[in-house]
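To keep things clear, I will list the structure first and then write my remarks on it.
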Amino acid sequence: MTTLIRNGTVVTASSTNPADVLVEDERISQVGPALGAPAGARIIDAAGMYVIPGGIDAHTHLDMPFGGTMSADDFETGTRAAAFGGTTSIVDFAIQGRGTRMRDALDTWWKKADGRSCIDYGLHMIVTDLANSGLEDMDDMVDEGVASFKLFMAYPNVLMVDDATIFKALSRTAKNGALICMHAENGSVIDVIIAKALAEGKTAPIYHALTRPPRAEAEAVHRAIAMAEIAGVPVYIVHLSSEDALNQVREARDRGLPAFAETCPQYLLLSIEELERPNFEGAKYVFTPPLRPKEHQPKLWDGLQHDDLQVVSTDHCPFCFADQKILGKDDFTKIPNGGPGIENRLQLIYHYGVNAGKISLNRFVEITSTTPARIFGMYPRKGEIAPGSDADLVIWDPDARYTISAQTHHMRVDYSMFEGFEVRGNARTVLSRGEIIVDNGQFLGKPGRGRYLKRAARGGAWK
Ligand SMILES: [Zn+2]
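Following my numbering, the numbering of the sequence shown begins with 144 at its first residue and continues without gaps.
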């Protein structure tokens, strides 16, 4: 199948040019002005549109167990929703159970995704235990294309690992080239604060935020970066939420360290007041790290502008309000942690970033596609519009108006964190490896067509 995308403006992380894009089978074969249409080619008219690389969401949790329930989207519903929003690749998280091998977790998550994923997907491995050949397991995972590992400095007795484990994992990546991703919050301190709050009868959703202070995030970010510096390796901070934490990353980067961090739309656009909504609705905004006071938002945008933050991902981890969030009705610590966002990332960052004049069009592409591809070992196959790259392309309509709502979204969850947000700019047509999977609000893809992405170690963003 040959496809010619004509009359559009091709936007990459580094350039904006009127150009046509020729796609042969699954890949881009030519990019240039006024390309002729080969006989029999399908033509897509992109006049008035931007042609951008498909979005890459490097942080999602589909079909994930948490606190006795499962995240509401599985690989089929979650990746279909992602596609509607212009995201054509995700990197989800497999979770090593304590006392088990990473290979078991990888097999489990491959089974979850196989036959269901509508777009290409990679996997990070969450490490909970390095006893019993854990370090060898890490090397084994890298050979399977799991080129990144996530460790938790929060959630004691569940996911948290100690500093020795973190340092061993970091040190191992000096050899195997993987990247360590850190959930950076001081979980031990937070647990003491939580116990005190509960003892005082403070059980409402707002206490989820009030028991996780920004300094607990900043302290852990500082410690993570210090340990990475001692080990002589890069580190990537996931879902950075506060100015305090950002300052730690900036300080490290100013010293030339390969420290990287992502933030998420919720931290850029929502604030702590959401957790005070009446009728327990604050629970819809319970995720970790928590929402912060409004003053943090412009600092995070500033971080994106100046490359102290490199990536926007979603941490998509939806739980329905009616029958899942409600588990924490009498105790905020029982509220499943997570919120939906996989579908709205590009819309929100384009509207509140590009339209608002905070970031350039190229920077928008960079933080939502190109840099995650580089950092996580998918570049230039993903995140680029050039001959040889996968034809993961979004025909982006900069004038399309869209109101975000649970009534119309495609995520399998009964609320939206961005209900009623009106945005201008949306994906019109979405191609994944040359196949049109979304066109004008119609889903044309198939569950199971998405392929596992074997990612390369040392993606190269720090070279
Ligand atoms: Zn997460």
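Glycine included, every Cβ here is placed at the ideal spot set by N, Cα and C.
Alpha carbon of residue i to alpha carbon of residue j, nearest angstrom
i, j, result
"residue 182", "residue 163", "16 Å"
"residue 168", "residue 145", "6 Å"
"residue 606", "residue 559", "Note that residue 606 has pLDDT 45, beneath the 50 cutoff, so the model's placement of it is unreliable and the number below is only indicative. Rounded to the nearest angstrom, the two C-alpha atoms are 39 Å apart."
"residue 503", "residue 541", "13 Å"
"residue 393", "residue 516", "22 Å"
"residue 593", "residue 497", "30 Å"
"residue 477", "residue 422", "16 Å"
"residue 159", "residue 200", "22 Å"
"residue 444", "residue 506", "12 Å"
"residue 388", "residue 360", "6 Å"
"residue 554", "residue 228", "11 Å"
"residue 374", "residue 395", "14 Å"
"residue 523", "residue 568", "26 Å"
"residue 155", "residue 508", "6 Å"
"residue 647", "residue 590", "Only positions 144 to 606 of the chain appear in this structure, which leaves residue 647 out of reach."
"residue 244", "residue 276", "8 Å"
"residue 286", "residue 565", "44 Å"
"residue 358", "residue 414", "17 Å"
Candidates the options, of which the one nearest residue i by Cα
i, options, result
"residue 598", "241, 531, 284, 149", "284"
"residue 298", "226, 423, 331", "331"
"residue 186", "148, 201, 197, 153", "148"
"residue 460", "545, 222, 472", "222"
"residue 292", "153, 322, 374, 453", "322"
"residue 180", "395, 567, 166", "166"
"residue 351", "439, 431, 451", "431"
"residue 527", "196, 549, 372, 479", "196"
"residue 219", "209, 204, 211, 210", "204"
"residue 296", "349, 254, 366, 342", "366"
"residue 269", "525, 339, 202", "202"
Range covered by the alpha helix (DSSP H) that runs through residue i
i, result
"residue 337", "330-342"
"residue 277", "277-286"
"residue 518", "514-518"
"residue 446", "439-448"
"residue 507", "504-508"
"residue 555", "Premise fails: residue 555 is in no alpha helix (DSSP H) and is neither H nor E."
"residue 245", "245-256"
"residue 394", "386-397"
"residue 291", "No alpha helix (DSSP H) holds residue 291; the beta strand (DSSP E) holding it covers 291-295."
Delimiting residues of the beta strand (DSSP E) encompassing residue i
i, result
"residue 149", "145-149"
"residue 229", "Neither: residue 229 is in no beta strand (DSSP E) and is coded neither H nor E."
"residue 579", "578-582"
Between the stretch 383-397 and the stretch 309-318, do three or more beta carbon pairs fall short of 8 Å?
-> No: fewer than three Cβ pairs fall under 8 Å.
Check whether the stretch 212-227 touches the stretch 472-487, counting contact only when three or more Cβ pairs, one atom from each stretch, lie closer than 8 Å.
-> Contact between the stretch 212-227 and the stretch 472-487 is present, because at least three Cβ pairs lie under 8 Å.
Can we say the stretch 581-588 touches the stretch 491-505, given the rule of at least three CB pairs closer than 8 Å?
-> As far as the Cβ criterion goes, the stretch 581-588 does not touch the stretch 491-505, which means the pair count is below three.
Contact the stretch 256-265 vs the stretch 227-235: 3+ CB pairs below 8 Å | The stretch 256-265 is in contact with the stretch 227-235.
Examine the Cβ distances between the stretch 429-437 and the stretch 403-416 and report whether three or more of them are shorter than 8 Å.
-> The stretch 429-437 is in contact with the stretch 403-416.
Do the stretch 572-583 and the stretch 531-547 meet, that is, are 3 or more Cβ pairs less than 8 Å apart?
-> yes
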